[in-house]
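Quick note on my numbering: the sequence shown kicks off at 2 and runs consecutively.
By construction, the Cβ of each residue, glycine as well, lies at the ideal position given by its N, Cα and C atoms.
In this text, all values refer to a predicted model and were calculated from it rather than measured experimentally.
A quick write-up on the structure given underneath.
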Amino acid sequence: MKKKLTLLLALVLSICFYGIGYTATITYEFTGLDSSNGTLSSPYVMEVDGMTVEITATVDSASGTLHQNTENGMGVSGENGNNRVGNGEALIFDFGSSLVTLFSTELTFHADFTEGSSFDLYADSTFVDSFTFESNSGLTIDFSSYDIQASVFEFLGTETSEDADSGFRIRELTVDYESSAVPVPGAIWLLGSGLIGLLGVKRRKLSCKKEN
Numbered sequence: 002m003k004k005k006l007t008l009l010l011a012l013v014l015s016i017c018f019y020g021i022g023y024t025a026t027i028t029y030e031f032t033g034l035d036s037s038n039g040t041l042s043s044p045y046v047m048e049v050d051g052m053t054v055e056i057t058a059t060v061d062s063a064s065g066t067l068h069q070n071t072e073n074g075m076g077v078s079g080e081n082g083n084n085r086v087g088n089g090e091a092l093i094f095d096f097g098s099s100l101v102t103l104f105s106t107e108l109t110f111h112a113d114f115t116e117g118s119s120f121d122l123y124a125d126s127t128f129v130d131s132f133t134f135e136s137n138s139g140l141t142i143d144f145s146s147y148d149i150q151a152s153v154f155e156f157l158g159t160e161t162s163e164d165a166d167s168g169f170r171i172r173e174l175t176v177d178y179e180s181s182a183v184p185v186p187g188a189i190w191l192l193g194s195g196l197i198g199l200l201g202v203k204r205r206k207l208s209c210k211k212e213n
């Protein structure tokens, strides 16, 4: 009887703990998505640790073509002809109905371009901030201080240089996802309390028998 009560209590407690939410940090890597450099189907769907994101490209707000580089990441096959994110081109990351917090992104640039690049960040169509940077290698931008929580993030290129090497690619995107707690019926908690009480009574009876 004691063994059965213990097993039942363990089952109830596992159900209760299942109702507690959790936070996970998920990183999407956009290198090596295909065996060679080239265009990707749009939207391009990725799933990491059960979290799905749909990636699309736009050029001057119209539908664009995604382009991937096996080493440098995701870009846009657009008017600038270099397959990076340039002026008026955007990469959009859609997490559907899930709310995630944007943590960081890693960008890459052409080694010969030293003028600097820039983009505007939007979260659920709301402008967040403009980012300007000077780099001709890799750069990681930390967004944690912004505490940006949304379902859709847009990186809109604003670099106006006509240099053939201008623009940037997104190599990685990291988000924090906090799952919603699954509601646990109140009866489960009552059942768990009752089982704990029964186990206590059982132990007291056994203790009394040993003393007698």
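What residues match up with residue i in a beta bridge as DSSP calls it?
{"i": "Asp177", "result": "Thr26 and Thr102"}
{"i": "Ser64", "result": "Thr59"}
{"i": "Leu122", "result": "Asp130 and Phe156"}
{"i": "Tyr45", "result": "Ile56"}
{"i": "Phe169", "result": "Val86"}
{"i": "Glu107", "result": "Thr141 and Glu173"}
{"i": "Phe96", "result": "Beta-bridge pairing links Phe96 to no other residue."}
{"i": "Gly33", "result": "DSSP, once it has assigned bridges, lists no residue as partnering Gly33."}
{"i": "Thr40", "result": "His68"}
{"i": "Gly76", "result": "His68"}
Name the two residues that bound the continuous beta strand (DSSP E) containing residue i.
{"i": "Thr71", "result": "That residue, Thr71, is in no beta strand (DSSP E); it is neither H nor E in DSSP."}
{"i": "Leu140", "result": "Gly139 to Asp143"}
By a C-beta neighbour count over all protein chains shown, 10 Å radius and 16 as the cutoff for buried, is residue i buried or exposed?
{"i": "Ile149", "result": "buried"}
{"i": "Ala188", "result": "Residue confidence for Ala188 is low, a pLDDT of 49 falling below 50, so the modelled location carries little weight; the figure read from the coordinates is stated next. By the 10 Å Cβ count, Ala188 comes out exposed."}
{"i": "Ala63", "result": "exposed"}
{"i": "Leu207", "result": "In this prediction, Leu207 has a pLDDT of 46, which is less than 50 and means its spatial position is unreliable; nothing more can be read from the coordinates."}
{"i": "Leu83", "result": "A small fix is needed here, since residue 83 is Asn in this sequence, not Leu. Asn83 is buried by the Cβ-count criterion."}
{"i": "Asn70", "result": "buried"}
{"i": "Phe134", "result": "exposed"}
{"i": "Ser146", "result": "exposed"}
{"i": "Thr26", "result": "exposed"}
{"i": "Val77", "result": "buried"}
{"i": "Gly51", "result": "exposed"}
{"i": "Glu160", "result": "buried"}
Am I right that residue i and residue j are in contact with their C-beta atoms under 8 Å? What's the rounded C-beta distance?
{"i": "Phe132", "j": "Ile142", "result": "6 Å"}
{"i": "Ser152", "j": "Leu92", "result": "That belief does not hold up - the Cβ atoms of Ser152 and Leu92 are roughly 15 Å apart, past 8 Å."}
{"i": "Gly97", "j": "Gly79", "result": "Contact flag wrong, Cβ pair sits at about 25 Å."}
{"i": "Glu155", "j": "Tyr123", "result": "4 Å"}
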